[in-house]
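**Student:** Input: one structure, supplied below.
There are 4 protein chains.
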Amino acid sequence: MKIAIVYGGTRAHGNTEMLTEQAVKDLHVDRIFLKEYRIQPIEDLRHTEEGFHDIDDDYNSVIDRVLEADVLVFATPIYWYGMSGFMKNFVDRWSQTLRDSNRPRFREQMKGKTGYVIAVGGDQPLLKGLPLVLQFQHIFEFFGTQYGGYVLGEGNRPGAILEDREAMRKAELLNAVLKERV
Amino acid sequence: MKIAIVYGGTRAHGNTEMLTEQAVKDLHVDRIFLKEYRIQPIEDLRHTEEGFHDIDDDYNSVIDRVLEADVLVFATPIYWYGMSGFMKNFVDRWSQTLRDSNRPRFREQMKGKTGYVIAVGGDQPLLKGLPLVLQFQHIFEFFGTQYGGYVLGEGNRPGAILEDREAMRKAELLNAVLKERV
Amino acid sequence: MKIAIVYGGTRAHGNTEMLTEQAVKDLHVDRIFLKEYRIQPIEDLRHTEEGFHDIDDDYNSVIDRVLEADVLVFATPIYWYGMSGFMKNFVDRWSQTLRDSNRPRFREQMKGKTGYVIAVGGDQPLLKGLPLVLQFQHIFEFFGTQYGGYVLGEGNRPGAILEDREAMRKAELLNAVLKERV
Amino acid sequence: MKIAIVYGGTRAHGNTEMLTEQAVKDLHVDRIFLKEYRIQPIEDLRHTEEGFHDIDDDYNSVIDRVLEADVLVFATPIYWYGMSGFMKNFVDRWSQTLRDSNRPRFREQMKGKTGYVIAVGGDQPLLKGLPLVLQFQHIFEFFGTQYGGYVLGEGNRPGAILEDREAMRKAELLNAVLKERV
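Chains as they are written, first to last, in the UniProt record's numbering: chain A, 1 to 182; chain B, 1 to 182; chain C, 1 to 182; chain D, 1 to 182.
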């Protein structure tokens, strides 16, 4: 079983990363730090005669790593009660991949995976992070991806997540679940 | 009373735009098409010693137009059950403005405004657009911005929104409300 | 096409009723005022050897009227951000009907229907009524019932709903839709 | 610190009870099994000249036990993606207590408390239990009650909750938190 983490944060070793690393401790994972790649926002050309054209950026190499994994962990700081713009831009591009003749099995491949959401925010994330949880519910449902679960943690200043014992413990539990699946 | 529309779409005269223009018919509005501006994603430097530094892009000129308005209409196509990446990147940058010594009254100014959300999607937007509505509930609550209302419309191919009579009618109603406020 | 309204309110001619009657104006409908019937709360006996036993109350006669309809309108005042206890007790009993050998096609029959939710509350119903909308999303999904739509109105003192022009207009629109279906 | 559990279930030693008892292990708590009391549904008389009149049932004795507690745990099986009708009927009656001259400090007293929600369901409770979590968010917000947290567990047949390790572990964590507060 292959695991890929899609990191949406911009701060190295941030709270979201700490929490997520707890969840994948001792596991071999592919870490995708979206911030390190050049990924253009989508331009909606679904309804033009020519359709989408190739974009010269890093998106394709990233989506191919995503497609290789069996388990996807979407790990994002909660920015304004949603996923980061970095992550949203990446997700938006999936609309293009859905029509990419080089990846005709995209939808079917996503269906076979299990997705997790890990998100850390500073303002009542257990409640105000729920729109993000619901958004991923619809995203996963679109593909038929199994929603494995989610961990919402609280933290603002660097390292604060370590004091959210409940979130850290949930990450440990997720770690145990993932280890069993390997 | 000044109205500004923050457009998050990428297609000119798209469904979201059609629906939104119905809501502001015969009104003087400032239309901000985010796609036409260069707006960098946020880099979270809140916790660094130096804090945020100035970004050389169009963000500041756009946020200043937003701040001049009394009524804000966030108009976005529903991409993957949320606002577009273009719009999310713009909203994310507000975290920087919250600490911008050139705009010390940002939070207070936002508090005095009324916000609306207009969003169009192709997959059961009246239900699957609700995470977006809830997200803006938290965003507006953060500032104390009044949530004036929202209009969710259904449409996929160009012009389809015109057949969503209920959404078009809601936009007309919003138009009447806005005209009374002018 | 037969329409049944399941009324969860306790006040005659209340705001919810006014709004709902606008939606079914000039249509022949079966009005079920739950308050007028004796409906026991469910007792969960799914896991006992004997299973559920017949309850001597009005539930069965009411559920049979529900089953005769093609369109179901669940009309409830928003009590504490949810449907009324009267309506919840009625819905809870569906678990018993799911195992009722006298109504073996219950699930299948519900699947063929279209459901609407009409709810009126006094505290920001367009936002705080959304948990109720989401709850019915799951309920309808369980059966495969089509979610036709929902109307959330604002009102507290008697007759106040008439001043919520947006809600009244949405009810008119729903009326037009229902008339076309007849 | 006093803890009261408001139990909405109908099955003795059901899954919800097992999960909740884990959360209050070794603590002195007042257990209120709503099913054991006679509590009438509310009749909305807020707008009549006479207002509410006394109901001859067990409600008042139960609400007084609730008011004596500092921590309230609302523990309910998830019936049709919401709290049980038993619990909803009880909550609905709060509208009457808000106008009860014998309990003039009701709202203020509720404000000083911390509330928890524990709920067990058989159909994807981590996702489909969220409307219930959101509903309590609004309920607690109404009073200013602090939302301490929630535990959603999965289980259908008797005892199944014990196999939901994640939920049981969350209940243990809650137990530790509550013990620290005592």
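Note that CB positions come from ideal geometry on N, CA and C, so glycine has one too. On a predicted model such as this, the values are computed, not experimentally measured, just so you know.
So, with DSSP's three-state summary, where would you put Y116(D)?
**Tutor:** Correct three-state label for Y116(D): strand.
**Student:** Specify whether the stretch 5-15 of chain D and the stretch 152-161 of chain D touch according to this definition: at least 3 beta carbon pairs, one from each stretch, less than 8 angstroms apart.
**Tutor:** Yes, since at least three Cβ pairs between the stretch 5-15 of chain D and the stretch 152-161 of chain D fall closer than 8 angstroms, the two stretches touch.
**Student:** Measure the alpha-carbon distance for R169(A) versus I55(C) and round it to whole angstroms.
**Tutor:** C-alpha separation (whole angstroms): 46 angstroms.
**Student:** Quick one: residues in its chain with C-beta nearer than 8 angstroms to the C-beta of Q137(B), no 5 flanking neighbours on either side, listed in chain order?
**Tutor:** Excluding residues within five positions, the ones whose Cβ falls inside 8 angstroms are Y147.
**Student:** Listed in chain order, which residues of the stretch 130-160 of chain A have Cβ atoms closer than 9 angstroms to some Cβ of chain B?
**Tutor:** Of all residues in the stretch 130-160 of chain A, L130, P131, L132, V133, L134, Q135, F136, Q137, H138, I139, E141, F142, N156, R157 and P158 have a Cβ within less than 9 angstroms of some Cβ in chain B.
**Student:** Could you spell out the range, first to last residue, of the alpha helix (DSSP H) harbouring P131(B)?
**Tutor:** That run of the alpha helix (DSSP H) goes L130 to F143.
**Student:** Once DSSP output is grouped into helix, strand and coil, what is the label at T76(B)?
**Tutor:** Of the three classes helix, strand and coil, the one that applies to T76(B) here is strand, per DSSP.
**Student:** Is the CB-CB distance between I39(B) and F90(B) below 7 angstroms?
**Tutor:** Yes, they are a contact pair.
**Student:** Helix, strand or coil for E68(B), going by three-state DSSP, please let me know.
**Tutor:** E68(B): helix per DSSP, three-state reduction.
**Student:** Give a yes or no on whether 7 angstroms exceeds the smallest Cβ distance from E166(C) to chain B.
**Tutor:** Judged by the 7 angstroms Cβ criterion, E166(C) is in contact with chain B.
**Student:** When DSSP labels each residue in this structure, what does R31(D) get in the three-state scheme?
**Tutor:** Three-state DSSP puts R31(D) in a strand.
**Student:** Within the 7 angstroms Cβ cut-off, does R169(C) reach chain B?
**Tutor:** Taking Cβ atoms only, chain B reaches closer than 7 angstroms to R169(C), which makes this a yes.
**Student:** What's the C-alpha gap between E49(A) and E43(A)?
**Tutor:** Looking at the two C-alpha atoms, the distance is approximately 14 angstroms.
**Student:** Where V133(A) and M83(B) are concerned, what is the direct C-alpha to C-alpha distance, given to the nearest angstrom?
**Tutor:** Approximately 15 angstroms, taken between the alpha carbons.
**Student:** Nearest to A176(C) by alpha carbon, out of E21(C), Y7(C), K128(C) and G9(C)?
**Tutor:** Among E21(C), Y7(C), K128(C) and G9(C), the Cα nearest to that of A176(C) belongs to E21(C).
**Student:** Strictly by DSSP, which residues pair up with Y147(A)?
**Tutor:** G115(A).
**Student:** Take the Cβ of R93(D) as the centre, count every other Cβ of all protein chains shown within 10 Å, and call the residue buried at 16 or more, exposed below.
**Tutor:** Buried, by the Cβ-count rule.
**Student:** Using DSSP with H/G/I as helix, E/B as strand and the rest coil, what is E154(C)?
**Tutor:** It is a strand residue.
**Student:** Going by beta carbon distance, what residues of the same chain come within less than 7 angstroms of F143(A), once the five residues before and after it are set aside?
**Tutor:** R107, M110 and K111, listed in sequence order.
**Student:** Ignore the nearest five residues each way along the sequence and tell me which others in I63(C)'s own chain have a CB closer than 7 angstroms to its CB.
**Tutor:** These residues qualify, in order along the chain: T97.
**Student:** Please list the residues of the stretch 100-130 of chain A that have a C-beta atom closer than 7 angstroms to any C-beta atom in chain D, keeping them in chain order.
**Tutor:** Under the 7 angstroms Cβ criterion, the stretch 100-130 of chain A contributes L126, L127 and L130.
**Student:** Just grab the DSSP bridge partners of Y7(B) for me.
**Tutor:** In the DSSP output, where bridge partners are listed per residue, Y7(B) has F33(B) and A75(B).
**Student:** Which of helix, strand or coil does DSSP assign to G122(B)?
**Tutor:** Note: G122(B) maps to coil in three-state DSSP.
**Student:** Let me make sure I understand the geometry here. Which of A69(A), F33(A), R181(A) and E36(A) has the alpha-carbon closest to that of A4(A)?
**Tutor:** Selected option, being the one with the closest Cα: A69(A).
**Student:** From I32(D) to T10(D), what distance separates their C-alpha atoms?
**Tutor:** Distance between the alpha carbons of I32(D) and T10(D): 12 angstroms.
**Student:** Find the residues of chain C that neighbour L173(B), judging by a C-beta separation of less than 8 angstroms, and give them in chain order.
**Tutor:** Within chain C, the residues near L173(B) are R165, E166 and R169.
**Student:** Along chain D, which residues have their Cβ under 8 angstroms away from the Cβ of F33(C)?
**Tutor:** Those do not exist, as F33(C) stays about 13 angstroms from chain D at its closest Cβ, beyond 8 angstroms.
**Student:** Grouping DSSP H, G and I as helix and E and B as strand, with all else coil, what is G85(B)?
**Tutor:** Reduced to three states, the DSSP call for G85(B) is helix.
**Student:** Within 10 angstroms of the Cβ of M87(A), are there 16 or more other Cβ atoms? Answer buried if so, exposed if not.
**Tutor:** By the 10 Å Cβ count, M87(A) comes out buried.
**Student:** Would DSSP call I39(D) helix, strand or coil?
**Tutor:** Residue state, collapsed to three classes: coil.
**Student:** H53(B): which of N102(B), A167(B) and E172(B) sits nearest, CA to CA?
**Tutor:** Looking at the Cα atoms, N102(B) is the closest of the given residues.
**Student:** Between N89(C) and chain D, is any beta-carbon pair separated by less than 7 angstroms?
**Tutor:** Interface residue, yes.
**Student:** Express the C-alpha separation of R65(D) and L126(B) in angstroms, rounding to a whole number.
**Tutor:** The alpha-carbon atoms of L126(B) and R65(D) are separated by roughly 41 angstroms.
**Student:** Distance, Cα to Cα, D182(A) vs L174(A)?
**Tutor:** This sequence places Val at residue 182(A); Asp is not what is there. So the alpha carbons of these two residues sit roughly 12 angstroms apart.
**Student:** Given this structure, state the Cα-to-Cα distance separating E166(B) from G51(B), to the nearest angstrom.
**Tutor:** Roughly 47 angstroms separates the two Cα atoms.
**Student:** Given that D92(C) touches chain D, what residues does it touch there, using C-beta distances under 7 angstroms?
**Tutor:** Under the 7 angstroms cutoff, chain D gives Y79, W80, S84 and G85.
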